[in-house]
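Visitor:
Residue numbers (my numbering): 8 to 285.
1) Take residue 148 as the anchor and find which of 128, 58, 172 and 114 has the nearest alpha-carbon.
2) When burial is assigned at 16 or more other CB atoms within 10 Å of the CB, is residue 150 buried or exposed?
3) Consult DSSP for residue 39 and reduce its assignment to one of helix, strand or coil.
4) With distances taken Cα to Cα, identify the nearest neighbour of residue 221 among 99, 141 and 255.
5) With 16 as the cutoff for other CB atoms within 10 Å, does residue 50 come out buried or exposed?
6) Take residue 45 as the anchor and find which of 19, 261 and 280 has the nearest alpha-carbon.
7) Rounded to whole angstroms, how far is the Cβ of residue 153 from the Cβ of residue 123, which I believe are closer than 8 Å?
8) Helix, strand or coil for residue 192, going by three-state DSSP, please let me know.
9) Residue 138 and residue 272 - do their beta-carbons sit closer together than 8 Å?
10) Which residues in the same chain have their Cβ closer than 8 Å to the Cβ of residue 216, if we skip the five residues on either side of it in sequence?
11) Alpha carbon to alpha carbon, how far is residue 98 from residue 91? Give it in angstroms, no decimals.
12) Could you give the uninterrupted runs of the beta strand (DSSP E) lying entirely in the stretch 218 to 281, keeping only those of 3 residues or more?
13) List in chain order: all unbroken beta strand (DSSP E) runs of 3+ residues lying wholly within the stretch 131 to 211.
14) Between the beta-carbon of residue 214 and the beta-carbon of residue 278, is there less than 8 Å?
15) Report yes if the CB atom of residue 72 is closer than 8 Å to the CB atom of residue 80, and no otherwise.
16) So if DSSP puts residue 215 in a beta bridge, which residue, or which two residues, is it bridged to?
17) Taking the alpha-carbon positions, what's the residue 260 to residue 242 distance?
18) Let me check understanding here. Comparing Cα to Cα, which of 203, 244 and 210 lies closest to residue 223?
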């Protein structure tokens with residue numbers, strides 16, 4: 008049974024996500040549809056890229072991923088289907104795939120060219136569904152598009168390193184449900200530049216000189232619970248996806264707040280790491 012996942016910025020209020028599922032079932036009754044997220048911030052390419060990169064590997068090889076972010080067809084926003092790491096991705100060529108493609112080379116990329124056969128004002132519904140169902144039936148990418156070699160990159164996807172490798176300048180690419188902010192700095196990248204040196208991580212007027220392995224490492228469990236006072240305290244971790252993350256311990260954006268609200272951090276804000284000579 009084929010698996011088709013859906014990721015979009017459609018939200019839950021409108022009919023869009025439901026209509027897409029109905030269209031898939033109308034073509035293929037024997038299929039599983041999984042919602043990854045429909046709450047991506049509107050038109051946020053970096054958010055969608057982060058979510059897809061960290062979700063797709065949990066699915067079996069052969070899964071088909073429809074990504075409905077900024078998908079309106081125009082001269083600068085073509086549609087593509089990508090075979091990568093044994094998975095199929097159907098999306099606009101707007102940079103969403105570039106985060107994954109920095110680590111794994113695609114096996115095949117095609118620019119979808121079936122639009123003249125499909126009347127569409129809603130390409131995710133009318134075009135992406137057709138392509139997904141074609142693949143689910145065992146169809147090849149070459150039937151629905153022409154091969155291309157490159158995809159559009161996301162600006163500021165990679166952190167910047169200065170010439171003497173004393174500084175990394177990164178960006179916030181995602182804010183999670185807890186208000187934690189995730190940067191584009193990965194653990195391996197950080198450690199390759201760090202080489203054991205001391206450092207200071209700066210975000211607006213907040214700074215940190217320690218990275219924890221997990222959130223609760225900030226707690227001194229030798230103290231009585233009443234004397235710990237760690238809830239609401241800021242910290243930095245490498246999260247479960249190995250991205251550098253600034254967090255608030257046991258944060259809640261509706262009560263104590265999160266890193267995004269308490270520190271005034273938002274998408275694409277700059278995060279700086281300065282290293283110190285021994």
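By construction, the Cβ of each residue, glycine as well, lies at the ideal position given by its N, Cα and C atoms.
Guide: Checking against the coordinates, here is how it stands:
1) Of 128, 58, 172 and 114, the residue nearest in Cα terms is 114.
2) That one is exposed.
3) Residue 39 falls in the strand class under three-state DSSP.
4) When only C-alpha atoms are compared, the closest one is 255.
5) Exposed, since its Cβ has fewer than 16 Cβ neighbours within 10 Å.
6) The shortest Cα separation from residue 45 among 19, 261 and 280 belongs to 19.
7) Actually they do not touch by this definition, with Cβ atoms about 13 Å apart.
8) In this structure, DSSP gives residue 192 an extended state, which the three-state scheme calls strand.
9) When the beta-carbon positions are compared, residue 272 and residue 138 stay at least 8 Å from each other.
10) Within the same chain, residue 216 has close Cβ partners 205, 206, 207 and 208.
11) Looking at the two C-alpha atoms, the distance is approximately 13 Å.
12) Residue ranges of uninterrupted beta strand (DSSP E) with 3 or more members, entirely inside the stretch 218 to 281 and ordered along the chain, are 241 to 245 and 250 to 255.
13) Segments of the beta strand (DSSP E) lying fully in the stretch 131 to 211: 152 to 154, 174 to 182, 188 to 193 and 206 to 210.
14) Not a contact, by the Cβ cut-off of 8 Å.
15) Going by C-beta atoms, residue 72 is not nearer than 8 Å to residue 80.
16) Residue pairing by DSSP places residue 215 opposite 208 in a beta bridge.
17) Approximately 16 Å, taken between the alpha carbons.
18) Checking every option, the nearest Cα to that of residue 223 belongs to 244.
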